[in-house]
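Below you'll find the structure, written out as structure tokens, and then a few comments.
Residue numbers (our numbering): 176 to 234.
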């Protein structure tokens, strides 16, 4: 029973390795894309600033 369990473990590892190789060959991780507007730089990930509402009302 121990030998069968070890053989099954080896087959499971081989199967996982084969799936990893196939996944690497046929389903690669997409390369990150560069921002389209290079002038914005690091602020590209920040949300836009809200529009100005003008002067505050006086009391």
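No residue lacks a Cβ here, since even glycine has one placed at the ideal position from N, Cα and C. Note that the structure is predicted; figures quoted are calculated from it, not measured.
Where does the unbroken alpha helix (DSSP H) through residue i begin, and where does it stop?
{"i": "residue 233", "result": "First-last for residue 233: undefined, no H or E at that position."}
{"i": "residue 177", "result": "177–201"}
Measure the C-alpha to C-alpha separation of residue i and residue j and round it to an integer number of angstroms.
{"i": "residue 194", "j": "residue 206", "result": "21 Å"}
{"i": "residue 191", "j": "residue 185", "result": "10 Å"}
{"i": "residue 189", "j": "residue 220", "result": "41 Å"}
{"i": "residue 229", "j": "residue 223", "result": "18 Å"}
{"i": "residue 177", "j": "residue 208", "result": "50 Å"}
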